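Note sheet for the following structure.
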Amino acid sequence: MLVCGKYNLVYEVFDRVKQKSIPGALNYKVLVNALWREGKIDEAVMAVKDMENRGIVGSASLYYDLARCLCSGGRCKEALLQVWLTQVQLTS
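Per the numbering used here, numbering of the sequence shown is gapless, rising by one per residue and ending at 396.
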């Protein structure tokens with residue numbers, strides 16, 4: 305879906321998963337990548353915060369993608385802070 309540029313389909317599938325069960329970290333990773341490719345950086349950040357608020361532990365690759373998303377939008381300081389916070393959470 306991402307390769308084909310069918311981002312709306314990604315959002316529809318994610319919403320269906322959310323209605324029927326609890327989405328996992330992989331679902332959020334795909335969502336973050338779709339939002340990033342559409343330039344929806346704030347929405348990508350909000351998706352990760354939603355994931356964390358639900359108690360879902362994100363993968364290192366999800367946070368790496370989020371950092372790349374932030375940097376691509378000129379928000380490298382925020383990306384570094386996110387990486388640092390992730391490391392603190394993983395080591396505590």
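Glycine included, C-beta positions come from ideal geometry on N, C-alpha and C. No experiment lies behind these values; they were computed from the predicted model shown.
Residue i, DSSP secondary structure in three states
i       : result
Ser-325 : coil
Ser-363 : coil
Lys-344 : coil
Arg-372 : helix
Arg-358 : coil
CA-to-CA distance, residue j to residue i, given in whole angstroms
i       : j       : result
Leu-389 : Ala-364 : 12 angstroms
Val-392 : Glu-342 : 30 angstroms
Glu-335 : Ser-376 : In the sequence as displayed, the identity of residue 335 is Leu instead of Glu. Straight-line Cα distance between these residues: approximately 17 angstroms.
Met-349 : Lys-324 : For the sequence presented, residue 349 should be read as Val rather than Met. Distance between the alpha carbons of Val-349 and Lys-324: 23 angstroms.
Val-321 : Leu-370 : 21 angstroms
Proximal residues to residue i (C-beta, below 6 angstroms), its chain only, five neighbours per side dropped
i       : result
Leu-382 : According to the sequence shown, residue 382 is Glu rather than Leu. Within the same chain, Glu-382 has close Cβ partners Leu-374.
Own chain residues within Cβ distance below 8 angstroms of residue i, not counting five before or after
i       : result
Arg-379 : Ile-345
Glu-356 : Gly-362
Tyr-315 : Leu-335 and Ala-338
Ile-360 : Ile-326, Pro-327, Gly-328, Ala-329 and Tyr-332
C-beta neighbour in chain C for residue i, strict 8 angstroms
i       : result
Asp-346 : The question asks about chain C, but that chain is absent: this structure has only one protein chain.
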